[in-house]
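Working notes for the structure below.
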Amino acid sequence: MFGCCIPRDQSKRTNKRINASLERDRKEMHAESKLLLLGAGESGKSTVVKQMKIIFNENGYTTEECLRFKPVIFSNTIQSMLAILQAMNRLEISFANPIRQKDAELVFAHIQLEANHERLPANIGKAMQALWNDHGVQSCFLRAREYHLNDSAAYYFNSLDRLIQSDYIPTQQDVLRTRVKTTGIVETTFTLKNHRFRVVDVGGQRSERKKWIHCFEDVTAIIFVSALSEYDLVLVEDDSIKRMQESLQLFKSICNNRFFRQAGMILFLNKKDLFAEKLRFSSIHICFPEYTGPNTYESSLHYIQEQFEKMDLREKHNGHERDLYTHITCATDTETMQFVFAAISDMIIQTNLINAGIF
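The numbering used here applies: residue 804 is where the sequence shown begins, and numbers increase by one.
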C-alpha cells in the first residue's frame, strides 16, 4: 500500500522542482529588457546610443576610443564645408569677400589628396574658419533646408581652433556630434537599477528597414526617434517627400504592428534645440499646410506631438493600458538625457513584469 504512494510523492516533488526551476528561469529572463531603437534616417538614434554609453559606463568613452573618432570628426567637418560650397554654386550665392575663393580652392584640393581624413592640417582648418566667417557662407548656411547638411556642421566649424591642434583629443561632446550612417544592426548593453538593458539600433534609411524584421522577437519596448527639426527637410532618397511625413507614417506602422502588441512604446521627439532655432526662420506650415496656429515653439511642438500621438491606435493588453510615453529630447545634451533614461527605465521594467505575468 505504502509502496504505491512513494512514486506519487516523488513525482509531486519532481514536478515542484521543475516548476520552481521554470519560474526561476522565467524571472531571470525578464531581468533583461530588449529595447528596439527605430526611426527614419538622421533622426538621432545613434546619438541616443552614444549617450547611453556615456551615461551608463562610468567614464563614458575612453581616451583611446575618443581618438578613434578623429577621422570621422575631420571628415564630417570637411564634408559639411564641401556641401555648403557646392550649394553656394547651385544657389548662386557669392562670397562676401572674393579672397575666400582661394580658401575654397584649398579645401577642394585637400579633399582630392586626403581621402581618408586621418588628419586636419592647420592651413585647411584656418581656410575653413575664414570661409565660415564669410557672410556669403553664412547666408548659404541659413538656407540649409535646400540642400543636405549635417546637423553638426556649425558645432565643428566653431570648434576648428581645437580641431587643428596637433595634440587634439576629441571630447565626449565631439564624439556625440559625429555622424556615421548606421548600416546593419548595432547592439549595446548597459545595467540600470540591477536590470540589464539590451539596445538594438538598426539603420533608418529606407534601404536598411528590411533588416528590422530580424530584431522583432522578444522586444520589451520600442524607442521611436523622430527629429522635430526635419519638418522642412526632404528625404535623401526621395526629395518629393517631407522627412517628417515619412516619419509619421513609419511611426504609425511600427506603433500598430502586431509584433509589438506587448511592447511598451516610447517616442523621442528629438533635436528640440535645432527645432527652436529653425522656427525663427520658417514655420511648420511647410510640412503641415493645415496648421493655422502661431509660429511659436510651444504651439508648433504641441501640434507635431499631437500628430504623432494620433497615430497610436493600440488597445489594452492583459487589462493594462498601452500608453505612449512621449519625451521631448536633445540627444546631445547628456544631463537632460540622463533624466529621460531614468524616467523610462521604470516603465520598461514594469512592462517586462506585466508581460511576464509577474506584475
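Note that CB positions come from ideal geometry on N, CA and C, so glycine has one too.
CB-CB under 6 Å to residue i, same chain, minus the five flanking residues each way: which ones, in chain order?
| i | result |
| --- | --- |
| residue 1036 | 948, 1046 |
| residue 872 | 973, 978, 981 |
| residue 1094 | 1087, 1088, 1106 |
| residue 888 | 907 |
| residue 1130 | 1071, 1143 |
With a CB to CB cut of under 8 Å and the five nearest residues on each side skipped, what residues in its chain are close to residue i?
| i | result |
| --- | --- |
| residue 925 | 967 |
| residue 883 | 952, 953, 955, 956, 959, 960 |
| residue 910 | 881, 884, 885, 888, 927, 930, 931, 934 |
Could you spell out where the beta strand (DSSP E) holding residue i opens and where it closes?
| i | result |
| --- | --- |
| residue 1004 | 998 to 1005 |
| residue 1114 | Note, residue 1114: premise wrong, no beta strand (DSSP E); not H, not E. |
What three-state label does DSSP hand residue i in the structure shown?
| i | result |
| --- | --- |
| residue 1142 | helix |
| residue 1078 | helix |
| residue 847 | coil |
| residue 1123 | Here the model assigns residue 1123 a pLDDT of 49, short of 50, so the residue's position is not dependable, and the following value carries that caveat. If DSSP states are grouped into helix, strand and coil, residue 1123 belongs with the strands. |
| residue 838 | strand |
| residue 1025 | strand |
| residue 859 | helix |
| residue 1085 | coil |
| residue 897 | coil |
| residue 832 | Note that residue 832 scores 49 on pLDDT, short of 50, meaning its location in the model is unreliable and no value can be drawn from it. |
| residue 864 | coil |
Please work out which residues of its chain come closer than 7 Å, Cβ to Cβ, to residue i, disregarding the five sequence neighbours upstream and downstream, and give them in chain order.
| i | result |
| --- | --- |
| residue 850 | 979, 1134, 1135 |
| residue 866 | 972 |
| residue 1166 | Any answer about residue 1166 is impossible in this case: the structure gives the chain only from 804 up to 1162. |
List the endpoints of the continuous alpha helix (DSSP H) containing residue i.
| i | result |
| --- | --- |
| residue 1130 | Residue 1130 -> not in any alpha helix (DSSP H); beta strand (DSSP E) instead, spanning 1127 to 1131. |
| residue 892 | 873 to 893 |
| residue 1072 | Where residue 1072 is concerned, there is no enclosing alpha helix (DSSP H), although the beta strand (DSSP E) it sits in stretches over 1067 to 1073. |
| residue 908 | 903 to 916 |
Would you verify that the beta carbon of residue i is, or is not, closer than 7 Å to some beta carbon of chain C?
| i | result |
| --- | --- |
| residue 1135 | Any reference to chain C falls outside this structure, which holds one protein chain only. |
Exercise. Hey, is the segment 1016 to 1031 in contact with the segment 852 to 865, meaning 3+ C-beta pairs nearer than 8 Å?
Worked result: no
For this session: Mind the definition here: the segment 944 to 963 touches the segment 883 to 893 only if three or more C-beta pairs lie below 8 Å; say whether that holds.
Result: yes
Problem set entry | beta strand (DSSP E) runs contained entirely in the segment 936 to 999, provided each spans 3 or more residues | 988 to 995
Exercise. In chain order, which continuous runs of the alpha helix (DSSP H) of length 4 or greater are located wholly inside the segment 1031 to 1060?
Worked result: 1046 to 1058
Exercise. For the segment 868 to 886 against the segment 904 to 922, are there 3 or more C-beta pairs whose distance is under 8 Å?
Worked result: yes
Problem set entry | Sufficient close CB pairs (3 or more, under 8 Å) joining the segment 1144 to 1154 to the segment 1094 to 1109 | no
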